[in-house]
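Those letters in the sequence shown? Residues -18 to -1, 1 to 1169, by mature numbering (1 follows the signal peptide of the UniProt record, and there is no 0). In this text, a Cβ means the ideal position worked out from N, Cα and C, and glycines have one as well. Owing to the predicted nature of the structure, the values given are computational and were not obtained by experimental measurement. Presented below is the structure to which this report refers.
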Amino acid sequence: MASLLFNVLALHAIFALSAPCNRTDFRPTATIDCGVVVGTTTSLPTSTVTVNKFLGIPFGAVPVRFGPPQPAPPLESIYDASEYKPSCIQKFNYPEAARNQSIKWYNTPGPPAGESEDCLNLNIFAPATAPDRPRAVLFWIYGGGFNQGSGSLPLYDGTSFATNHDVVVVTSNHRLNIFGFPGSPDMPEGERNLGWLDQHLALTWVQHNIAAFGGDPGRVTIMGESSGAGSVDALVTAPPNPPPFHAAIMQSGQATIIAPDNITALSWNLATKAFNCSSHNELECMRAVPPLVLKDAVERLGLQFGQVQDGGATWAESPRKDRLLSTDENPRIARVPVLIGSNADEGRNYAFGYKDAKEYISKSLPGGTEEQIDTLLAAYPLGAPEISNEFDRIAKIYTEVSFQCPAKAVSEDSAAVGINTWRYFFNASFPNSELFKGSGAHHIAEIRPVFGTFPREGATEFQADVSRAMQEAWARFAKDPNAGPGWDVVPRLAVFGGGARAGMSEAGREALKIGNASDIDQRCQLFQGFFSTQVKTPPEQSWIDICIGMENRAKRHFRAFLREYVEKSIKRRPCLGPTEYEPVQTITCATTLEDIWSDLVRVANIMVIQPRRQREPWNAQFQGISYSSREPQKQNPTVVEIGRWMASDAKMSLQLDQTFEKQAISTEDLRLVLDTLWAKEQDITCSPSARLAFRTAVVLGATGGWRPASLLRVKYKDVEIGLMRHPRNPQDVVVVAKGFCSIEDILQSEQLPAGIDYRALGWRDEFMKCEGSKETIPLKYHQFRDIWNRVLLVIGMPENPRIYALRVAFVATGQLTPALRNYILSHSSEVYERSYHPVHLQNNLMHTSFGELANGNDEILAAMHRVCLKRDPNAPIYIKQQDLDDFEKRNDITTLRAIKSSSEQDKAARATGRIQHIINTLEDLLIQARRQEYFEAVRQGKPTAHLIDHSAVNPRRRLNKASSATAERVARFFPDERVQNGLVHTLVAFLQNKPIDDALGDQGNSGTGMAKEPKTRKEEPRCLLCQSPGFHNKASLSRHVWDLHKDTIEHGFDCPECQRLGKGRVRIAKGEATLENSAWRDPWIAGASKAEWLHQTLMRSRVCTRLVRFDRSCDPLFQYPPVDPVGNRRQSAARWASGVDLAHVDSSDLWELLEDDPVEAHLARPEAEAAATGNRRSSAADFRACQ
């Protein structure tokens, strides 16, 4: 009897949780910012707590269809808030059976006041007693896939929450389906998610008015389920400023891991066509359709509407990235505590009626391969726990892919960036809350326990326990989010319901049990790739979208790309302290990003749009696209909008103005730059070829106004050399090459015939085959930039003019016609006038400022522009040895040194390069800091002696030591036009690291020439016929000659090596360079062709190995051995060696070479000596001996 009485009392208490009783004897009132509202009261049957209910309070004005919400107007009288007001229009798509099922599951009973477009109202449930302190507020956002739902459903009654946990509950409406998320391209981008804008407005209303109901506007927790949880996540990742909430609860949903699609845009297009609105003003036409007619059409057409990308107004374009990059200093999102979770059987609602798992997955993942689908199915085998049939299998896959694993990812991402995050898992089903038999812990199953609104009939004691546990956790979290809901943060997990199922015993089950997330997430690793990558779109599709009217998706993709491009420009750079590295953003100016966008559009027009237009010439949509900020009216508006967005996007924080001054550099400055390059060679260390190439680029850049980067890309095939008659002295011919073998031949060429002012000189065919695709100035832009900055630093300039100064100096002279100037600069006259100072403007400014004193202003301006006159050669250019020693103590360098000493060759080489990069960067930073200190002292007139340290060292003093020793001697040839021939040979010797005394001749000093140089590294093989370098071995050189010079050898040619050494013309007649005797056979390669024999012999000969390399004895050649039909390989080598000795090599050097080889030791010295005394012959044998 006692037991029966206890059960009756327990059931009575259960019923009290979910059956509030309205009271009408007292009407609570509240004064809000637009007037006075009067509500009603209610209470649970067995509770003494009275709850005030204010229902249907308008937070917005009657909305204009497809327009953003507006605040509610002032109330004309006291507002009756005792009854619910209409909900927003819902939709339940046909066919009839599916429609009825959805209504039964999700909308029974439905909204008590029906539906209307005038639906922007909210409901408040608050304890009637005055609080000691303002109460925490729970702001509820309903689910329904953005197509159905209402804040006035009995499911969401807040009485139980307010009674049992002393909190204020707010449930609000927002517009749905086509009324709330229409997807019209004609709407302003930031106003396309109207339903979410409704939520923003409701939260703003709460901030202004909730205090009138005892709520604390500083303790508002937003909570939602399904699409309502997605709304919560959207508010977190794209929050209003400031966020109108302090915590977030997401039940069975999120907006971070969602595949964007164009279903909303397609649905809008179909809807407009259904009402013949697609041919004129769509919005006005669709506004004229009666609401119920529009709803019925949408349902019968089966259209779906939902959130769309809106430029970040309500939905972040990259929410997961924003969350992962969030910090306290740069929040990017609302960094509020998060409670997130899911149910054990979410997918059973969606899999209802399906019986073939493979077919279902194939339809759900149309891009999935057969292998991927089989792998997925293998992870959910029949017979596994909770998978007894195909329906179970489908439901479990859907549950984990769409709900459980995304919840895991979002919770872990939040925790990873220091946000307090808790996770729950609801795993219970009760007979009175099943959607269908066996629905389990289905989607929306946790809502009734949370709100305490589960049905009275059939309720059990354990069901009430679960409800109490969930309500307590939610309320505790709302009151103090940082303290949490009652268990530890992730990866810990709270499981509610203990796995209870309808028809199973509840004995021994725990309403709340704390465990680890890993206990339920084993299969989530299958989906990490899907969660961590964006939805892939064919690269050409976004460009096509621009043309066919799907510009929303295109803008979303391109904005995400450009944002990511800027984010990835942030590099970690070594710094001087206090930490070893600092982030540096390399893209800081919007114009840089505009240039990138312009290039992308240009390439896309060529690669995507033009081919599509050729395939579909009848399709007027595929017009050419381009981007320029100067003529937006002539371009595709979407392309222009994206270009303009880059400058205005606050998240990228790019500077709108040019970040550097276009400063000219004078002729005197250039001369000083060029003189310093050679005169201070020990302070400007670089290879000989880099030094000469830099000088060439500077001279050409300053002369012609070309961009240095463009100059460095010019190839030989792009250059024409010719003879041109001098315009002022027609008797002189200027060399501006077929038939010329040397520089001397060109310089000493005949005069142009009368009446001819120009004659082009063609390149040799062999040269073009080898060198045509190579750069004429062998220097990378970063090398040019480094040498430029180093030269200006050595000069002693306080602020280095940018490389652009070369172009400014060129155009500032005013010597070009506007058309030619604009062509060279790739600018319009408008841009030129804005960027450079034209001559007439200089004159006007000078006369305005100085009157008659401005006469001779050219000289005055020239003096003002001599930036190098401000230089100070005493400024520091080196660091101290102690600085280098301090660098070695850094953790990164210490670690790299250890890797270098203990790793294989490749890793050691990479570590060495990294160490050098760090040291170079630190050296530059330290020099900059000390130079700034020095020049600041100079500007302030303070002493600088203590800032000049003569103990500073050149850390690169050993680099290119040999070439640096001769650079100063070479420099004096440049301004002297009388020594052109000697200059050519001097530069060649300089580039080859050879003594230059012979090249200097009488023009040089009387010294003994260059000091003995340290042994230099031998260069790689180089072809004799075209002088092409870069061969890794003799085999590659052999293939090169056979592929490119076979015809030359077979038709005869002049020996280029004899000509180079000044031994006259030695003609190699047709066929004389090939093997004529077919009877000869080398025993090593019997049966091989003559060419194969030639190449094999080349690879075996020690003498060939000697001569094919670039050393002081002989230039690298391609060797052809003499024909010796009866001799063996050694005899051929000996004769060949003697021939080379005769023609080009010092005999003692060659003899020493042969003596070093024990294989060749049997050769008699007299044979070589006799060969050395022979007469020189102009024949094929002589050429072969030359080789």
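For R913 and P858, believed in contact at Cβ under 8 angstroms, the rounded distance
Contact flag correct, Cβ pair sits at about 6 angstroms.
Using three-state DSSP, classify T309 as helix, strand or coil.
Look at T309 here: in three-state DSSP terms it is coil, with no helix or strand label.
Does the Cβ of T13 have 16 or more other Cβ atoms within 10 Å, making it buried, or fewer, making it exposed?
exposed
Measure the alpha-carbon distance for F478 versus L265 and round it to whole angstroms.
48 angstroms
By the 10 Å Cβ neighbour count, where 16 or more other Cβ atoms means buried, how is Q130 classified, buried or exposed?
With 16 or more other Cβ atoms within 10 Å, it is buried.
Is the beta carbon of S308 less than 8 angstroms from the beta carbon of R545?
no
Taking the DSSP output, what are the residues bridged to W404?
Per DSSP, the beta bridge partners of W404 are L321.
Note down, in chain order, each residue of its chain lying with its Cβ closer than 7 angstroms to the Cβ of A314, except the 5 sequence neighbours on either side.
Reading the sequence as shown, one finds Arg at residue 314 and not Ala. The answer, listed in chain order, is D304, L307, S308.
Check whether the segment 142 to 159 touches the segment 424 to 435, counting contact only when three or more Cβ pairs, one atom from each stretch, lie closer than 8 angstroms.
yes
Following the continuous beta strand (DSSP E) through N498, name the residue where it begins and the one where it ends.
494 to 498
Please work out which residues of its chain come closer than 6 angstroms, Cβ to Cβ, to E353, disregarding the five sequence neighbours upstream and downstream, and give them in chain order.
Nothing listed; no residue qualifies.
8 angstroms Cβ cutoff met for K756 and K697:
yes
Just the C-alpha distance for I245 and L285, rounded to the nearest angstrom, thanks.
C-alpha separation (whole angstroms): 8 angstroms.
At what residues does the beta strand (DSSP E) containing K871 begin and finish?
It is not in any beta strand (DSSP E) - K871 carries neither H nor E in the DSSP assignment.
Would you call the segment 251 to 261 and the segment 323 to 334 touching, i.e. three or more CB-CB distances under 8 angstroms?
In short, these stretches do not touch, since the Cβ pair count stays below three.
Can you check which of these residues, P45, F74, I39, is closest to Y66 by C-alpha distance?
I39
Alpha carbon to alpha carbon, how far is D243 from L57?
42 angstroms
Just curious, the alpha helix (DSSP H) that R254 is in, first and last residue?
Just to set this straight, residue 254 is Thr in the shown sequence, not Arg. For T254, the enclosing alpha helix (DSSP H) stretches over residues 245 to 256.
Give every residue of the same chain whose Cβ lies closer than 6 angstroms to the Cβ of E281, excluding the five residues on either side of it in the sequence, and list them in chain order.
K73, N75, Y76
Considering just the uninterrupted stretch of the beta strand (DSSP E) at F121, what are its terminal residues?
Counted as a single uninterrupted DSSP element, the beta strand (DSSP E) harbouring F121 occupies residues 117 to 123.
Assuming T153 is part of the beta strand (DSSP E), what are its boundary residues?
Note, T153: beta strand (DSSP E), 150 to 154.
What would DSSP say about S393, mapped onto helix, strand or coil?
helix
Applying the criterion that 16 or more other CB atoms from any shown protein chain within 10 Å of the CB defines a buried residue, is V585 buried or exposed?
exposed
I588 burial status per 10 Å Cβ neighbour count (16 or more: buried):
exposed
Does the distance from the C-beta atom of N103 to that of N155 stay below 8 angstroms?
Cβ distance < 8 angstroms, so N103 and N155 count as in contact.
Would DSSP call R491 helix, strand or coil?
If DSSP states are grouped into helix, strand and coil, R491 belongs with coil.
Leaving aside the five residues before and after I881 along the sequence, list all residues of the same chain whose C-beta is less than 8 angstroms from its C-beta, in chain order.
Closer than 8 angstroms at Cβ, skipping near neighbours: K889, A890, A893.
Which word fits V318, buried or exposed, when buried means at least 16 other C-beta atoms lie within 10 angstroms of its C-beta?
Around the C-beta of V318, 16 or more other C-beta atoms lie within 10 Å, and the residue is accordingly described as buried.
7 angstroms CB neighbourhood of S1071 in its chain, flanking five on each side removed
Annotation note: pLDDT 38 at S1071 (below 50); position unreliable, coordinate value reported separately. Answer for S1071: no residue qualifies.
Measure the Cβ-Cβ separation of A43 and P68 and say whether it is below 8 angstroms.
no
A295 - DSSP class collapsed to helix/strand/coil:
coil
With 16 other CB atoms within 10 Å as the buried threshold, where does N860 fall?
It is worth fixing the name first, because residue 860 is Tyr in this sequence and not Asn. Looking at its Cβ environment, which holds 16 or more other Cβ atoms inside 10 Å, Y860 is buried.
Beta-carbon separation (whole angstroms), L120 vs M205, contact threshold 8 angstroms
6 angstroms
Where do the ends of the beta strand (DSSP E) carrying Y332 lie?
Not the beta strand (DSSP E): Y332 falls in the alpha helix (DSSP H), residues 329 to 332.
Residues in the same chain with beta-carbon distance under 6 angstroms from I530, minus the five sequence neighbours each way, listed in chain order, please.
Q603
Express the C-alpha separation of G1034 and M750 in angstroms, rounding to a whole number.
When rounded, the distance between both Cα atoms is 19 angstroms.
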